[in-house]
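Inspection log for the structure reproduced underneath, given as structure tokens.
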Amino acid sequence: MSENPWWRDAVIYQVYLRSFADGNGDGMGDIAGIRSRLGYLRDLGVDAIWINPWYRSPQADAGYDVADYREIDPLFGTLEGAERLIEEAHGHGIKVIPDLVPNHTSDQHAWFREALAGGPGGVARERYVFRPGRGPDGDEPPNNWESVFGGRAWTRTTNPDGTPGEWYLHLFAPEQPDLNWAHPEVRAEFESILRFWFDRGVDGFRIDVAHGLIKDEELPDLVAPRGSGYRYPAGTHPHWDRDEVLEVYAGWRKVADSYPGERKFVAEAWTDSADRLARYVRAGALHTAFNFEFLQSPWRAAELRSVIDATLGNLGAVGAPATWVLSNHDVTRHPSRYGRPPTTWRPNEGYQRTGTPDLVLGTRRARAAALLMLALPGGAYVYQGEELGLPEVEDLPDSVLQDPTFVRSGGADRGRDGARVPIPWSGDAPPYGFSPDGASPWLPQPPTWASLSVAAETGDPDSMLELYRSALRLRRSHPALGDGTLTWSDAGPDVLSFTRDPGFACVLNLSDSPVELPPHQETLLTSAPLSGGRLPPDTAAWLRV
Ligand code: GLC
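Take 1 as the starting number for the sequence shown in the numbering used here and just add one per residue.
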């Protein structure tokens, strides 16, 4: 392994496939669309793209319900198209990271169909988690586990003879039965799937629900309902972040390391702390993991600093690089989060989108947050549209919502569709160049997005897009940025200020009034104009010192 592998400080752009670019005019983003926009990504200055699931899928959860891991869904293109994309992206110097979904399959996967058809007691059921129900007629679920999307985590099956049958576990939607990772065939199959895609040139994988694979075999009841705030002692939750899951990844790491180049994994692991997260990226385990503590931090200096310190401390201790994430397809876009009073929140845990966000404020903070994120040691993720400053679309009508969360929560949680609206490329009206003219995007775009399109923002020095382009350009050329360490400077309780060697400083003002900048030779970039040489509130600056 090289001393400075690319993944230690890569900027990885998340392509939410359904909403990035529509090549064939059906209103749905696709592989042809990505291929036509590779020049945009190269010019933006990203090192890699992570593409949300492209496999054959009934799309009960936007592709996270996979029916065949070795086929591309016809909605998105063909296997040959995927191979061409990988090759063309590499031609532009962009690495490609697909999304792997190992916790569950689709209920239309051949294994699950076989399991249902085989009836109770059949060996095909052992690849999933089937159990008889409780109560005299077996009509109560085997335990009290809840689906992340709302409702219970068990669905009762009907036997081949039509009588009520066993129940199966699904931590997400009923169309997403959980696999049994104690089964050797499940383990072997996923290593084979990894090889299938590594053989086609992919540079790594994003691992979906990486903290969920292993369940307590006794399937005990949960002691407190979700959202109660109760935290299990580390490693003891019956189905999240159990220690044994690391055995699976040790095997995957060996597969990745058997390929030339630096193939990498990034874990989607929601853990309770940075030290639990560090276990996923220790030696011999995965390479990187999303830093959701950073994403969940309120916009306040003390909390941000403590997340940054915990991240660098815990990951540094195991030799892993940090990653920094502000948004993704599962969370409310950050200009909208930051446009509300600062709160700590977790998705699916009672975060309410109350009132109307102040998007002028939220956008100002998002600009500052981008400069903070891109100045910190390690790698960063940019969720498509974040570089355009897109807010959450909070007024989608009920009739267009597709996220299973909406229905399963009885409408209490409006779900994640507002972060997934197709992005605007050009023009004055929907589809803003997302689809060829005439096609309606799968989620409607707001009539107000003309000024947020790639074409509108290009060349406008005050736009979010040009801020990201400048920051990414500087980050590439500046020897202090990327992997490494930082040193905090004391700038008062509401200001984050740090230096990086050689000769770089980042200052972020989270107070209510302008502050003096530290002594410096040159202002490299600011997220908003200085006022009389001072740094205004909710503004960040990059300095040569
Ligand atoms: C992950 C994905 C999310 C999906 C879920 C179930 O959290 O990011 O979009 O719904 O897993 O696969």
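C-beta atoms are modelled at their ideal positions from N, C-alpha and C, and glycine is treated no differently. Note that the structure is a prediction, hence the values are computed from the model and not measured.
Checklist entry - Of the choices 161, 186, 167 and 163, whose alpha-carbon is the least far from that of residue 155? => result Position 155 of the sequence shown holds residue 155. Out of 161, 186, 167 and 163, 167 has the C-alpha closest to the C-alpha of residue 155.
Next on the checklist: Looking at the secondary structure, which residues open and close the alpha helix (DSSP H) in which residue 296 lies?
Outcome noted: Counting from 1 along the sequence shown, the entry for residue 296 is found at position 296. Taken as a continuous stretch (DSSP letters only), the alpha helix (DSSP H) holding residue 296 covers 292–296.
Checklist entry - Who are the near neighbours of residue 256 in its chain, counting only those whose CB is closer than 6 Å to its CB and skipping five residues on each side? => result In the sequence shown, the residue the question calls residue 256 occupies position 256. Only 263 meet the Cβ criterion.
Item to check | Length at least 4, wholly inside the segment 398–471: the alpha helix (DSSP H) runs in chain order | outcome: 404–408 and 454–457
Next on the checklist: Let's test the definition: count the other Cβ atoms within 10 Å of the Cβ of residue 268 and tell me whether it reaches 16, buried, or not, exposed.
Outcome noted: Looking up residue 268 in the sequence shown gives position 268. So residue 268 ends up on the buried side.
Checklist entry - Does the beta carbon of residue 330 fall short of 7 Å from some heavy atom of ligand 1? => result The sequence position of residue 330 within the sequence shown is 330, counting from 1. Yes, the Cβ of residue 330 comes within 7 Å of a heavy atom of ligand 1.
Checklist entry - Mind checking whether residue 179 and residue 153 have CB atoms under 8 Å apart? => result Along the sequence shown, one-based indexing puts residue 179 at 179. Along the sequence shown, one-based indexing puts residue 153 at 153. No.
Checklist entry - Considering residue 164, what are the terminal residues of the beta strand (DSSP E) in which it resides? => result Position 164 of the sequence shown, counted from the first residue, corresponds to residue 164. Looking at the DSSP string, the run of the beta strand (DSSP E) that includes residue 164 is 164–169.
Item to check | Cutoff 8 Å; reference residue 355; Cβ partners in own chain excluding five residues on either side | outcome: By 1-based counting over the sequence shown, the position of residue 355 is 355. Answer for residue 355: 340, listed in chain order.
Item to check | Same chain, Cβ closer than 8 Å to residue 480, five either side skipped, listed in chain order | outcome: Looking up residue 480 in the sequence shown gives position 480. Answer for residue 480: 500, 501, 502, 503 and 504, listed in chain order.
Checklist entry - Can residue 208 be considered in contact with ligand 1, in the sense that its beta carbon sits closer than 7 Å to one or more heavy atoms? => result As a first step, residue 208 must be located in the sequence shown, where it is residue number 208. Within the cutoff, so yes.
Item to check | DSSP three-state assignment for residue 230, whether helix, strand or coil | outcome: Here residue 230 is taken as the residue at index 230 of the sequence shown, counted from 1. Residue 230: coil per DSSP, three-state reduction.
Item to check | Nearest-angstrom Cβ-Cβ length linking residue 202 and residue 66, presumed shorter than 8 Å | outcome: Numbered from its first residue, the sequence shown carries residue 202 at position 202. Numbered from its first residue, the sequence shown carries residue 66 at position 66. Between residue 66 and residue 202 the Cβ distance is about 16 Å, and since that is not below 8 Å, they are no contact.
Next on the checklist: Is it buried or exposed, residue 522, if we count other Cβ atoms within 10 angstroms and call 16 or more buried?
Outcome noted: Translated into positions along the sequence shown, residue 522 becomes position 522. Exposed, by the Cβ-count rule.
Checklist entry - Less than 8 Å separating the beta-carbons of residue 29 and residue 42? => result Locating residue 29 in the sequence shown gives position 29, where the first residue counts as 1. Locating residue 42 in the sequence shown gives position 42, where the first residue counts as 1. No, these two residues do not count as a Cβ contact at 8 Å.
Checklist entry - For residue 351, which three-state DSSP category applies? => result Residue 351 sits at position 351 when you count from the first residue of the sequence shown. Annotation note: pLDDT 47 at residue 351 (below 50); position unreliable, no value reported.
Item to check | Burial state of residue 163 (16 or more Cβ within 10 Å) | outcome: Taking the sequence shown and counting its residues from 1, one reaches residue 163 at position 163. Classification of residue 163: exposed, given that the 10 Å Cβ count is below 16.
Next on the checklist: By the DSSP assignment, the alpha helix (DSSP H) with residue 336 in it spans what residues?
Outcome noted: Counting from 1 along the sequence shown, the entry for residue 336 is found at position 336. It spans 334–337 - the alpha helix (DSSP H) in which residue 336 sits, taken as one unbroken run.
Checklist entry - DSSP on residue 247, reduced to helix/strand/coil? => result For the purposes of this step, residue 247 is taken as residue 247 along the sequence shown, with counting starting at 1. In this structure, residue 247 counts as helix in the three-state DSSP scheme.
Item to check | DSSP-derived helix/strand/coil call for residue 144 | outcome: Your numbering for residue 144 matches position 144 in the sequence shown. The answer is coil: DSSP assigns residue 144 none of H, G, I, E or B.
Item to check | residue 487, DSSP secondary structure in three states | outcome: Translated into positions along the sequence shown, residue 487 becomes position 487. Of the three classes helix, strand and coil, the one that applies to residue 487 here is strand, per DSSP.
Checklist entry - How big is the Cα-Cα spacing for residue 205 and residue 73? => result As a working note, residue 205 is residue 205 in the sequence shown. As a working note, residue 73 is residue 73 in the sequence shown. One C-alpha to the other measures close to 18 Å.
Checklist entry - Using 8 Å as the Cβ pair cut-off and three pairs as the minimum, do the segment 416–424 and the segment 386–401 touch? => result yes
Checklist entry - Is residue 322 buried or exposed, if buried means 16 or more other CB atoms sit within 10 Å of its CB? => result Walking along the sequence shown from the start, residue 322 turns up at place 322. Buried.
Checklist entry - With distances taken from CA atoms, which of 394, 369, 309 and 244 is nearest residue 507? => result Position 507 of the sequence shown, counted from the first residue, corresponds to residue 507. Comparing Cα-Cα distances from residue 507 to each of 394, 369, 309 and 244, the minimum goes to 369.
Checklist entry - Is there contact here, the segment 378–391 with the segment 327–341, by at least three beta-carbon pairs under 8 Å? => result yes
Next on the checklist: With a threshold of 6 Å on Cβ separation, who are the neighbours of residue 115 within its own chain once the five nearest residues in sequence on each side are excluded?
Outcome noted: Residue mapping note: residue 115 aligns to position 115 of the sequence shown, counting from 1. The residues are 124, 125 and 128.
Checklist entry - Under 7 Å from any heavy atom of ligand 1, does the C-beta of residue 61 make it? => result For this step, residue 61 is matched to residue 61 along the sequence shown. Yes.
Checklist entry - Quick one: what's got a C-beta closer than 6 Å to residue 37's C-beta in the same chain, skipping five residues either side? => result For the purposes of this step, residue 37 is taken as residue 37 along the sequence shown, with counting starting at 1. Hits under 6 Å: 21.
Item to check | Distance CB(residue 471)-CB(residue 371) smaller than 8 Å | outcome: The sequence position of residue 471 within the sequence shown is 471, counting from 1. The sequence position of residue 371 within the sequence shown is 371, counting from 1. Yes. Within cutoff.
Item to check | 6 Å CB neighbourhood of residue 409 in its chain, flanking five on each side removed | outcome: If you number the sequence shown from 1, residue 409 lands on position 409. Correct list, in chain order: 150.
Checklist entry - Residue ranges of each beta strand (DSSP E) run of no fewer than 3 residues wholly in the segment 372–401, ordered along the chain? => result 379–383
Item to check | 8 Å Cβ cutoff met for residue 212 and residue 240 | outcome: For the purposes of this step, residue 212 is taken as the residue at position 212 of the sequence shown. For the purposes of this step, residue 240 is taken as the residue at position 240 of the sequence shown. Yes, the pair counts as a contact, with Cβ atoms nearer than the cut-off.
Next on the checklist: Which residue marks the beginning of the beta strand (DSSP E) containing residue 281, and which one marks its end?
Outcome noted: Against the sequence shown, residue 281 aligns to sequence position 281. From DSSP, residue 281 is part of no beta strand (DSSP E); its letter is neither H nor E.
Checklist entry - The alpha helix (DSSP H) spanning residue 197 covers which residue range? => result Your numbering for residue 197 matches position 197 in the sequence shown. Note, residue 197: alpha helix (DSSP H), 184–198.
Next on the checklist: Here's a check: name, in chain order, each residue in its chain whose Cβ is nearer than 7 Å to the Cβ of residue 478, leaving out the five neighbours to either side.
Outcome noted: Numbered from 1 along the sequence shown, position 478 holds the residue referred to as residue 478. These residues qualify, in order along the chain: 504.
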